[in-house]
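Sequential numbering of the sequence shown, starting at 336, is according to our numbering.
Structure, as structure tokens:
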Amino acid sequence: MTPLFKSSEFAPTVPDFVHIPLFQIKFLGVKLFKWTPDEPRSKLQITLLGLFIVFSIFSLISMLLYVVYEDLETLLEVTEFILFWGFTLNALMKGCSMLCFRREIESILKGLIVKHPKTEEERVAFQLVPYFRTINTSNKYLSIWHLSITSMFVLHPMMASIYGYISRVDKNKGFDFTLPFMMTYFYDVNQPLAYAVSYFLQCCGAFHMSLLFLSGDLLLISMVHLVNMHFGYLIYKIESFQPSGTDADMKVLGPLMEYHDEMLFYAERIDNTFGLATLLNYVSSCLVLCFIGLQIVMGSEAVSVIKFIGFLVSTIVQVYFVSYFGNNLKDLSTGISDAFYNHPWYDANYKYMRMLVLPIARAQRCAHLTAFKFFEISMDSFKSLCTTSYQFFTLMRTSIEEEGA
336 MTPLFKSSEF APTVPDFVHI PLFQIKFLGV KLFKWTPDEP RSKLQITLLG
386 LFIVFSIFSL ISMLLYVVYE DLETLLEVTE FILFWGFTLN ALMKGCSMLC
436 FRREIESILK GLIVKHPKTE EERVAFQLVP YFRTINTSNK YLSIWHLSIT
486 SMFVLHPMMA SIYGYISRVD KNKGFDFTLP FMMTYFYDVN QPLAYAVSYF
536 LQCCGAFHMS LLFLSGDLLL ISMVHLVNMH FGYLIYKIES FQPSGTDADM
586 KVLGPLMEYH DEMLFYAERI DNTFGLATLL NYVSSCLVLC FIGLQIVMGS
636 EAVSVIKFIG FLVSTIVQVY FVSYFGNNLK DLSTGISDAF YNHPWYDANY
686 KYMRMLVLPI ARAQRCAHLT AFKFFEISMD SFKSLCTTSY QFFTLMRTSI
736 EEEGA
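So, in structure tokens, the structure goes:
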């Protein structure tokens with residue numbers, strides 16, 4: 336079997352595969368680990384981390400004060416507040432997961448560096464460049480789309496406030512400025528300077544939570560994609576192996592089995608690292624999809640509807656990518672069993688044929704991601720998520736319409 340792609344001069348490394356999510360985390364001032372022991376920690380990074388902590392605490396307190404001092408009068412306000420709180424808590428949960436398991440993440444990535452292709456021939460066999468292009472394009476697409484939706488949420492209230500302030504009829508009458516999110520402050524935000532400061536803090540908080548939310552999923556799919564690349568290479572090596580019919584074939588079979596076991600172990604460690612975050616992500620995504628649907632159906636302003644449609648698509652696409660790469664992990668790991676079936680085993684001796692039963696049976700137990708062991712992450716779980724979300728949305732909408740009738 337000949338690889339479909341040829342390597343180019345560019346040879347992506349493991350840090351290249353995870354560069355985008357780690358850069359997003361680093362932008363918040365958080366450095367999960369050092370690639371080299373002598374890697375310095377910059378003053379800018381410490382400053383960014385301090386600002387991130389201060390802004391996050393300030394925003395959380397302001398959101399709590401809104402519950403205490405303000406009334407959520409309409410269903411739209413209630414669902415909107417739940418959406419923002421759910422998104423914030425989900426982002427913080429992903430950040431805590433990465434922080435708590437940072438040593439495990441470091442160990443996995445540095446272990447994959449040891450197995451990374453080093454020669455031109457290996458890079459061609461691994462299809463290194465196509466695999467890198469796939470994950471790099473996916474990470475860029477998700478980042479651009481997600482941050483664009485965040486920009487839409489934070490910029491729309493400011494543009495609406497500026498337009499309303501300029502076009503108001505009575506110039507002497509006070510004007511209530513609009514902020515992006517539901518927060519309460521102990522000062523008058525309708526003063527120009529106070530409004531500008533509050534708006535800046537809310538923008539920082541929104542982008543901080545967005546980067547935290549985004550980087551967790553991007554790091555997960557990047558690490559899974561690296562393991563998928565090794566499974567693909569293992570399939571290629573098995574299918575291209577030509578047994579000679581001698582005992583020397585056993586010397587080839589043994590390392591292949593060890594390589595397979597090692598990749599299964601890496602997949603299991605990734606699952607254990609991100610399992611809880613993935614479960615909460617699926618549960619919160621189901622609720623978010625329901626509430627966003629209510630916002631879209633019951634919303635009155637066209638711009639608000641457009642914003643929440645973008646939020647809806649962003650949530651669905653992000654869960655889709657996690658499910659897609661998780662599904663690839665299942666398919667490629669089970670493909671090892673097919674590879675053993677498909678390679679010319681009939682040319683080997685009896686001892687080789689008898690030993691082949693073990694790796695075939697082992698490969699039939701596929702590697703997979705799980706939502707904290709509750710269910711497997713695949714395209715089937717993505718379909719179930721969308722179906723369940725729609726059922727909950729329909730139930731909630733029907734109940735609301737019956738109460739309003």
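Using N, Cα and C, we set each Cβ at its ideal position, and we do this for glycine too.
Quick caveat, the model's predicted, so the values are computed rather than measured.
Q) Between the C-alpha atoms of Phe-393 and Leu-667, what's the straight-line distance to the nearest angstrom? A) CA-to-CA, the gap between Phe-393 and Leu-667 works out to about 46 Å.
**Message:** So, at 6 Å on beta carbons, what are the nonlocal neighbours of Ala-674 in its own chain, with the 5 sequence-adjacent residues on each side left out?
**Reply:** The beta carbon of Ala-674 is closer than 6 Å to those of Ile-570, Ile-573 and Glu-574 in its chain, skipping five residues each way along the sequence.
Given Ser-478, which residues of its chain have a CB within under 8 Å of its CB, disregarding the five upstream and five downstream residues? Ile-355, Gln-359, Leu-549 and Leu-553
Once the 5 residues before and after Ser-557 are set aside, which same chain residues still bring their CB inside 8 Å of it?
Cβ within range, chain order: Phe-352, Val-353, Ile-355, Pro-356, Ile-470 and Asn-474.
Spatially closest choice to Ala-363 from Pro-527, Gly-551, Trp-370 and Met-518, by CA coordinates:
A quick correction: the sequence has Leu, not Ala, at residue 363. If we check each option's Cα against that of Leu-363, Gly-551 comes out closest.
On a CA-only basis, which of Leu-379, Ile-605 and Val-532 is nearest Leu-555? Give me that one, please.
Ile-605
- Does DSSP put Met-336 in a helix, in a strand, or in coil? At Met-336 the pLDDT is 44, less than 50, meaning the model places this residue with poor confidence; the figure from the coordinates comes in the next sentence. Three-state result, Met-336: coil.
inquiry  = Applying the 10 Å Cβ sphere with the 16-neighbour rule, what's the burial state of Ser-533?
reply    = buried
Hey, quick one: how far does the alpha helix (DSSP H) through Cys-431 stretch, first residue to last? Membership of Cys-431 in the alpha helix (DSSP H) is indicated by the continuous run 410 to 435.
Within 10 angstroms of the Cβ of Gln-726, are there 16 or more other Cβ atoms? Answer buried if so, exposed if not. exposed
Q.
Check this for me: beta carbons of Ser-734 and His-481, under 7 Å apart or not?
A. no
| How about Leu-434 and Pro-452: are their beta carbons less than 7 Å apart? | no
### Query
Can you round the beta-carbon distance between Ser-620 and Leu-720 to whole angstroms, since I take them to be within the 8 Å contact cut?
7 Å
Check your understanding: Near Val-562, what residues of its chain come up, given a Cβ to Cβ distance below 8 Å and the 5 sequence neighbours on each side ignored?
Key -> Leu-447, Met-598, Tyr-601, Ala-602, Ile-605, Leu-664 and Ala-702
Check: What's the C-alpha gap between Lys-341 and Leu-400?
Finding: Here the model assigns Lys-341 a pLDDT of 48, short of 50, so the residue's position is not dependable and the matter cannot be decided.
_Exposure label - Lys-708; buried when at least 16 CB within 10 Å_ = exposed
- Message: Classify Asp-596: buried if its beta carbon has 16 or more other beta carbons within 10 angstroms, exposed otherwise.
- Response: exposed
- request: Just grab the DSSP bridge partners of Glu-284 for me.
  value: Past the boundaries of the shown model lies residue 284; the chain is included only from 336 to 740, so the question cannot be answered.
Problem set entry | Chain-order list of residues whose beta-carbon lies under 6 Å from that of Thr-337 (same chain, five-residue window excluded) | Residue placement at Thr-337 is flagged as unreliable, the pLDDT there being 45, under the threshold of 50; the coordinate-derived value follows with that caveat. Cβ neighbours of Thr-337 beyond the five flanking positions: none.
Closest to Val-657 by C-alpha separation, out of His-560, Asp-511 and His-491, would be which residue? His-560
Are there 16 or more other CB atoms within 10 angstroms of the CB of Leu-693, so buried, or fewer, so exposed?
Result: exposed.
Item to complete: To the nearest angstrom, report how far apart Thr-513 and Val-638 are at their CA atoms.
Response: 14 Å
Exercise. Does at least one heavy atom of the ligand MG sit under 6 Å from the Cβ of Leu-363?
Worked result: Of the ligands one can find in the structure shown there are none, so the ligand MG has no counterpart to examine.
Local conformation of Lys-450 per DSSP, three classes:
helix
Next item on the list: Tell me whether Lys-366 sits in a helix, a strand or coil according to DSSP, three-state version.
Entry: coil
**OP:** Can you say whether Phe-368 is buried or exposed, counting buried as having 16 or more other CB atoms within 10 angstroms of its CB?
**Re:** Looking at its Cβ environment, which holds fewer than 16 other Cβ atoms inside 10 Å, Phe-368 is exposed.
Whole-angstrom distance between Pro-350 and Phe-416, CA atom to CA atom = 38 Å
query = At which residues does the alpha helix (DSSP H) containing Tyr-687 begin and terminate?
reply = 685 to 690
Pro-660 versus Tyr-498: straight-line alpha-carbon distance, rounded: In the sequence as displayed, the identity of residue 660 is Phe instead of Pro. Those two C-alpha atoms are separated by around 44 Å.
What runs of the alpha helix (DSSP H), each 4 residues or longer, lie entirely inside the region 502 to 586? 527 to 575
I need the straight-line Cα distance from Phe-542 to Ile-388, nearest angstrom please.
13 Å
Using CA atoms only, rank isn't needed, just tell me which of Ile-381, Phe-643 and Glu-441 is closest to Val-365.
Ile-381
Open item on the list: So, with DSSP's three-state summary, where would you put Leu-407?
Closed with: coil
Check whether the Cβ atoms of Phe-516 and Gly-628 lie closer than 7 Å to each other.
no
Thr-328 in three-state terms, based on DSSP = With the chain running from 336 to 740 in the structure shown, residue 328 is simply not present.
| field | Rounded C-alpha distance that separates Phe-436 from Leu-611 | value | 12 Å
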